[in-house]
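Colleague: Chains as they are written, first to last, in my numbering: chain F, 1 to 265; chain P, 266 to 591. Ideal placement from N, C-alpha and C gives every residue a C-beta, glycine not left out. Before I ask anything, here is the structure I am working with.
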């Protein structure tokens, strides 16, 4: 055994600024991180979605005696929009509000990565969480009412992605702009507004005219109509105006979220 | 690097309303140096760190990280800093191995390098037992100590110019604390600058090269531990424990005192070694008269200097002799 150990560890730390790493590598690594975080609660989210789908399609159906096929179809094809909105406007803000309270949000903002990539990774994960709700809603409606769908696949996929991203980015924007407690409260109020006061599961004609015009600029009715056009393409058609409204909300949500991520207090 | 420092903070000022959280703070860390940032809760330590990593914008002053202006270009500055925050790192759903590898990958390490580096630091910290156990969102799976060590490893896994550690040893057991400090020392030996944010003076004393003491947003003392002790081999510390219900001002000290600090029930007196005998005799008398619970004579510690500098003691500020030595 030697009495003397001479350690000559070479200086390992390079001087100066470490090189920038590729956005794609950063994004993939952040995605792995975000997936692990959300993945832990994924089973719960899917159970909640299934219960909600059943609640809307079966439960709302009970409110209407002798429901006819067009009404059932309208209700059933509105359900996926409600589910996407619940994920985007309720579950996402709750998750972000929790991340802000626990310090996770601050931790992530201190990482050596471009901050918009943090949002992109989060959006991707929430998109993966939200999209199965469409299938869940379609299956539940099929089991309950047994009517046939006429899918317009390109429109359905594009509408579903756009609506999920819109809802998620607006939910994210709410959660990063308001104090955590207030954000949770707002998201709870929003879900009631979407479920009960938005022409998503019932036709807009049942609302007063002034309230219809309000819903022309809010994202809920345009989202429902666009998705419905993708599910029942022979009965409903998509409108460009709805698409534009959704895109505007999406851009606003993303801009507010990125601004909040980049902001220095 | 322009001036060879990995962190150069000058005249940094930040206000929150009427509260000045950082007031003209100056701080400098060279490569290979471990610098302790000491201060009580609310002294302005976290505010300082938040400005270095671009979470807060300073009201005045400058911050250079590895030669980069951190105020003008916070994104580039962040690439030069690895930080272990005081709050736990978000590793729910991940194993320590996965979390440490992700941290390495985000700093540009290849998959293989990240894997090797994670293994190495797990060896150093002796956390192999939990290395592949998943952290659960309910707080289960991994204990707070293992989570803390994982967060430390995430900050220490890749070579970066500046490593900032905010209370890294909270919840960590004694054996692994020692290992953690060894890694901190190794980071410095590898050439990184380390800023160690803590209020644990005793632990900090063992690892740091330099110390900066913040109090109410201002640097109240800075220098090497021995400089800060303000003492040399000729000085000793006489610690007197007062009675809980009978706090005695102890004004009748028979020997010259270079520093006097009162910390709750303890009175810490820095005296010249030549007067040790007289001081002990006096303390023995106090004890026999029941005016104190007990006393201890030992070398001067950093804690004395720290408590004096931060004005922790109620009567420290009124004792003129100590200010000259801190």
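1. Going by DSSP, which residues form a beta bridge with residue 486 of chain P?
2. Is the beta carbon of residue 486 of chain P sitting closer than 8 angstroms to the one on residue 570 of chain P?
3. Does residue 278 of chain P get closer than 8 angstroms to chain F when you measure Cβ to Cβ?
4. Just to make sure I have the definition right: I need the residues of chain F whose C-beta is within less than 7 angstroms of the C-beta of residue 386 of chain P. Which are they?
5. With burial defined as no fewer than 16 other Cβ atoms inside 10 Å of the residue's Cβ, what is the status of residue 203 of chain F: buried or exposed?
6. Residues of chain F with a CB under 7 angstroms from the CB of residue 382 of chain P: which are they?
7. Closest to residue 338 of chain P by CA distance: which of P/560, P/348, P/352, P/321 is it?
8. Starting from residue 91 of chain F, trace the beta strand (DSSP E) both ways and give me its first and last residue.
9. Please name the residue in P/374, P/477, P/318 whose C-alpha comes closest to that of residue 290 of chain P.
10. Taking beta-carbon pairs under 8 angstroms, can you tell me which members of the stretch 369 to 381 of chain P lie near chain F?
11. Does the distance from the CB of residue 164 of chain F to the CB of residue 120 of chain F come in under 8 angstroms?
12. Quick one: give me the first and last residue of the beta strand (DSSP E) that residue 281 of chain P is part of.
13. By DSSP's criteria, residue 285 of chain P is part of a beta bridge. Which residues make up the other side?
14. Three-state secondary structure (DSSP) at residue 257 of chain F?
15. Would you verify that the beta carbon of residue 580 of chain P is, or is not, closer than 8 angstroms to some beta carbon of chain F?
16. By Cβ distance, which residues of its chain are closer than 7 angstroms to residue 438 of chain P, with the 5 residues on each side in sequence left out?
17. Starting from residue 277 of chain F and walking both ways along the alpha helix (DSSP H), at which residues does that stretch end?
18. From the beta carbon of residue 95 of chain F, is the nearest beta carbon of chain P less than 8 angstroms away?
19. Under 8 angstroms between the Cβ atoms of residue 298 of chain P and residue 458 of chain P?
20. Using only the alpha-carbon positions, how far apart do residue 105 of chain F and residue 95 of chain F sit?
21. Using 8 angstroms for Cβ pairs, my map puts residue 116 of chain F next to residue 373 of chain P. What's the rounded Cβ distance?
22. Which of helix, strand or coil does DSSP assign to residue 516 of chain P?
23. Would you kindly work out how many angstroms separate the C-alpha atoms of residue 98 of chain F and residue 262 of chain F, rounded to a whole number?
24. Kindly indicate which three-state DSSP category residue 548 of chain P falls into: helix, strand or coil?
Modeller: Looking at the atomic coordinates:
1. For residue 486 of chain P, which the question treats as bridged, DSSP gives the partners P/478.
2. It is a contact, given that the beta carbons lie within the stated cut-off.
3. No, because no Cβ of chain F sits closer than 8 angstroms to the Cβ of residue 278 of chain P.
4. Those do not exist, as residue 386 of chain P stays about 13 angstroms from chain F at its closest Cβ, beyond 7 angstroms.
5. With a 10 Å radius around the Cβ and a threshold of 16 neighbouring Cβ atoms, residue 203 of chain F comes out exposed.
6. Listed along chain F, no residue sits closer than 7 angstroms to residue 382 of chain P by beta-carbon distance, the nearest being about 10 angstroms off.
7. In terms of Cα proximity to residue 338 of chain P, the closest of P/560, P/348, P/352, P/321 is P/321.
8. Where residue 91 of chain F is concerned, there is no enclosing beta strand (DSSP E), given that its DSSP letter is neither H nor E.
9. For residue 290 of chain P, the closest C-alpha among the options P/374, P/477, P/318 is that of P/477.
10. Those residues of the stretch 369 to 381 of chain P that come within reach of chain F (Cβ to Cβ, closer than 8 angstroms) are 370, 371, 372, 373.
11. Not in contact: residue 164 of chain F and residue 120 of chain F (Cβ atoms no closer than 8 angstroms).
12. That run of the beta strand (DSSP E) goes 272 to 281.
13. BP columns for residue 285 of chain P point to P/280.
14. Helix, per DSSP.
15. Bear in mind that the predicted position of residue 580 of chain P carries a pLDDT of just 40, short of 50, making it unreliable; the figure below should be weighed with that in mind. Output row for residue 580 of chain P: interface = no.
16. In its chain, beyond the 5 residues on either side, 410 have a beta carbon closer than 7 angstroms to the beta carbon of residue 438 of chain P.
17. The shown model of chain F, from 1 to 265, leaves out residue 277 of chain F, and the question about it has no answer.
18. Not closer than 8 angstroms to any Cβ of chain P, the Cβ of residue 95 of chain F fails to qualify, so no.
19. Result yes, Cβ atoms of residue 298 of chain P and residue 458 of chain P sit closer than 8 angstroms.
20. When rounded, the distance between both Cα atoms is 10 angstroms.
21. In fact, because the Cβ distance is near 19 angstroms, the residues do not count as touching under 8 angstroms.
22. The DSSP-derived three-state label of residue 516 of chain P is coil.
23. Rounded to the nearest angstrom, the two C-alpha atoms are 19 angstroms apart.
24. DSSP, reduced to helix, strand and coil, places residue 548 of chain P within a helical segment of the structure shown.
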